Amino acid sequence: MKKVYLDYAATTSVDPQVLEAMEPYFLEKFGNASSLHAYGQDAKKGLEDSRQILADSIGAKPEEIVFTSGGTESDNSALLGVAYALEKKGNHIITSVIEHHAISEPAKFLEKKGFKVTYLGVDKDGLVSGDDLKKAITDKTILVSIMQANNEIGTIEPIAQLAQIAKGKGICFHTDAVQTFGHIPVDVNELNVDLLSLSAHKFYGPKGVGALYIRKGTRLETFMRGGDQERGRRASTHNVAGIVGCARAIQLCQQNLETEIKFQSALRDKLIREIPLKVPEVRLNGHPAKRLPNNVNFSIKYIEGESMLLSLDMLGIAVSTGSACTSSSLEPSHVLLAIGLDHETAHGSLRITLGRWTTERDIDYLLEKLPPVVEKLRAMSPLYERKNP
Ligand code: PLP
Numbered sequence: 004m005k006k007v008y009l010d011y012a013a014t015t016s017v018d019p020q021v022l023e024a025m026e027p028y029f030l031e032k033f034g035n036a037s038s039l040h041a042y043g044q045d046a047k048k049g050l051e052d053s054r055q056i057l058a059d060s061i062g063a064k065p066e067e068i069v070f071t072s073g074g075t076e077s078d079n080s081a082l083l084g085v086a087y088a089l090e091k092k093g094n095h096i097i098t099s100v101i102e103h104h105a106i107s108e109p110a111k112f113l114e115k116k117g118f119k120v121t122y123l124g125v126d127k128d129g130l131v132s133g134d135d136l137k138k139a140i141t142d143k144t145i146l147v148s149i150m151q152a153n154n155e156i157g158t159i160e161p162i163a164q165l166a167q168i169a170k171g172k173g174i175c176f177h178t179d180a181v182q183t184f185g186h187i188p189v190d191v192n193e194l195n196v197d198l199l200s201l202s203a204h205k206f207y208g209p210k211g212v213g214a215l216y217i218r219k220g221t222r223l224e225t226f227m228r229g230g231d232q233e234r235g236r237r238a239s240t241h242n243v244a245g246i247v248g249c250a251r252a253i254q255l256c257q258q259n260l261e262t263e264i265k266f267q268s269a270l271r272d273k274l275i276r277e278i279p280l281k282v283p284e285v286r287l288n289g290h291p292a293k294r295l296p297n298n299v300n301f302s303i304k305y306i307e308g309e310s311m312l313l314s315l316d317m318l319g320i321a322v323s324t325g326s327a328c329t330s331s332s333l334e335p336s337h338v339l340l341a342i343g344l345d346h347e348t349a350h351g352s353l354r355i356t357l358g359r360w361t362t363e364r365d366i367d368y369l370l371e372k373l374p375p376v377v378e379k380l381r382a383m384s385p386l387y388e389r390k391n392p
């Protein structure tokens with residue numbers, strides 16, 4: 004059976020060149036990067052070269068990079084770290100209603116601990132407004148955290164503009180760049196952010212590795228204690244092989260960025276154009292233009308996203324109904340509800356995300372298989388029957 008992977012926003016496979024770069028760090032260069040002997044120094048060189056590659060790629064200095072275990076740890080560290088470092092200054096945090104749970108859950112935790120959190124709403128395309136941010140800021144606001152692009156609907160937020168508003172008031176700004184880094188240009192100075200999270204498995208690097216960019220002078224409480232790795236900001240023996248893989252993945256993304264953006268947006272636009280022609284009563288979710296080059300998200304009325312996902316899976320096509328982290332829950336996506344969809348429409352959403360190995364034949368295969376799947380499911384749907392007796 005033909006197999007087509009169209010769930011790159013959930014995770015990517017490791018690029019074979021990444022695996023090749025990592026291999027020596029499992030075998031001959033396996034030392035602990037904190038050890039003084041030659042094994043340790045080989046590992047340390049791999050670690051520090053990787054830090055330089057990452058720093059250069061986002062316009063940062065190497066000492067502003069802390070390697071972590073992934074996007075969730077970076078997001079948690081940013082939110083909890085700033086909250087606890089600045090609690091004497093203020094107890095108010097601003098974020099948005101469409102953040103990943105790696106931000107919204109620590110935000111809820113902080114609320115239980117006495118912090119106040121404002122969750123900014125978004126418009127029908129998923130955009131956060133600068134005016135709303137201005138209105139939400141108080142003299143107790145210590146942190147604003149808004150994602151650079153949403154993982155479900157692909158909308159790209161106006162981060163530079165939002166960060167300018169916060170920075171103008173001396174407020175620290177964090178962005179979750181887990182879905183953007185490696186897919187669109189990301190530069191911490193152009194974005195004007197103090198903190199930025201990224202995760203290697205979203206851009207053809209290994210799982211379990213990520214980083215948090217921390218602008219010099221930003222105060223952050225450490226919550227991984229036990230060693231002086233990462234200048235005491237994150238204890239634990241370095242995952243050198245993973246970090247080297249992350250850096251190699253960054254180099255490959257830099258080399259391929261322009262071509263991949265062009266190729267993937269053309270395939271994305273083909274899906275956005277043709278799905279509504281082949282499947283009646285669908286709605287594109289996310290901004291029509293300000294969206295990730297690899298993201299397509301449609302609500303397909305009268306049927307359940309999960310039934311579509313499973314039917315397509317039986318035909319060898321892997322897609323998602325929203326974020327992989329919430330797809331086991333029966334609650335409709337908080338992002339789709341936030342852009343104004345009713346529960347019924349939100350339940351019928353399909354996220355198709357493209358990547359380095361997506362071909363036009365893959366897209367054509369989906370365009371061939373999706374319409375009969377929808378037709379079959381609608382024929383069994385009481386909702387559809389009620390609308391079309
Ligand atoms: N933030 C966003 C926007 C994501 O899409 C994800 C993963 O899906 C995360 C954070 C969490 O990243 P990780 O899986 O590396 O912990």
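Here this note's numbering is used: the first residue of the sequence shown is 4, the next is one more, and so on. The beta-carbon is built from N, C-alpha and C at its ideal position, and this holds for glycine as well. Small disclaimer: the values here were computed from a predicted structure and weren't measured.
When you compare only the Cα positions, how much space is there between residue i and residue j?
i, j, result
"Gln182", "Met317", "27 Å"
"Pro161", "Tyr42", "45 Å"
"Ile264", "Gly319", "25 Å"
"Glu307", "Thr15", "25 Å"
"Ala382", "Glu388", "7 Å"
"Ala139", "Cys175", "14 Å"
"Ser80", "Thr98", "15 Å"
"Pro291", "Ala180", "20 Å"
"Leu165", "Lys5", "44 Å"
"Thr262", "Asp128", "27 Å"
"Ala214", "Ala63", "12 Å"
"Cys256", "Pro188", "10 Å"
"Asn288", "Ile145", "32 Å"
"Lys115", "Glu90", "14 Å"
"Asp367", "Ser53", "39 Å"
"Ser302", "Arg294", "16 Å"
"Thr329", "His40", "Bear in mind that a pLDDT of 48 at Thr329, under 50, signals an unreliable position, so the number given afterwards is only what the model happens to contain. Roughly 45 Å between the two C-alpha positions."
"Gly133", "Val196", "15 Å"
"Thr1", "Met311", "No information on residue 1 is available, as it lies outside the stretch 4 to 392 that the chain covers here."
"Lys48", "Thr361", "35 Å"
"Gly93", "Glu224", "15 Å"
"His95", "Phe118", "6 Å"
"Trp347", "Gln258", "Checking the displayed sequence, the identity of residue 347 turns out to be Glu instead of Trp. In a straight line, the C-alpha of Glu347 is about 43 Å away from that of Gln258."
"Lys210", "Leu201", "12 Å"
"Thr178", "Ile56", "20 Å"
"Tyr122", "Val147", "10 Å"
"Ser60", "Arg364", "32 Å"
"Ser314", "Leu274", "19 Å"
I'd like the span of the beta strand (DSSP E) that includes residue i, first residue to last.
i, result
"Ala148", "Note that residue 148 is Ser in the sequence shown here, rather than Ala. First-last of the beta strand (DSSP E) with Ser148: 144-148."
"Ser200", "198-202"
"Ser352", "352-356"
"Val69", "68-71"
Is any beta-carbon of chain B found at less than 9 Å from that of residue i?
i, result
"Gln232", "Among the protein chains of the structure shown there is no chain B, as only one such chain exists."
Just to check, is the beta-carbon of residue i closer than 8 Å to a non-hydrogen atom of the ligand FAD?
i, result
"Ile106", "Among the ligands modelled here, namely the ligand PLP, the ligand FAD does not occur."
Between which two residues does the alpha helix (DSSP H) carrying residue i extend?
i, result
"Phe112", "104-115"
"Ile174", "Ile174 -> no alpha helix (DSSP H), and no H or E assigned at all."
"Val376", "363-382"
"Met317", "308-317"
"Val85", "74-88"
"Pro19", "19-25"
"Ile56", "41-61"
"Glu31", "That residue, Glu31, is in no alpha helix (DSSP H); it is neither H nor E in DSSP."
"Leu386", "385-390"
"Leu136", "133-139"
Please check the pair residue i and residue j, which I expect to be a contact at CB under 8 Å, by giving their CB distance rounded to whole angstroms.
i, j, result
"Ile159", "Gln151", "7 Å"
"Val338", "Asn35", "Actually they are not in contact, since the Cβ atoms of Val338 and Asn35 sit about 41 Å apart, beyond 8 Å."
"Asp18", "Ala252", "6 Å"
"Tyr305", "Val21", "Contact flag wrong, Cβ pair sits at about 42 Å."
"Val125", "Ala341", "6 Å"
"Arg236", "Val69", "5 Å"
"Pro374", "Val285", "About 11 Å separates the two Cβ atoms, so there is no contact after all."
"Ala105", "Thr75", "4 Å"
"Asn300", "Ser352", "6 Å"
"Glu277", "Leu386", "Rounded, the Cβ-Cβ distance is 24 Å, inconsistent with contact."
Across which residues does DSSP place residue i in a beta bridge pair?
i, result
"Tyr122", "Thr98"
"Arg286", "Ser302"
"His337", "His337 pairs with nothing; no bridge assigned."
"Ile159", "Ala152"
"Asp10", "Thr356"
"Ile187", "Phe184"
"Ala321", "Tyr8"
"Arg294", "Thr158"
Going residue by residue through the segment 208-268, where are the continuous beta strand (DSSP E) segments of at least 3 residues, counting only ones entirely within it? 213-217
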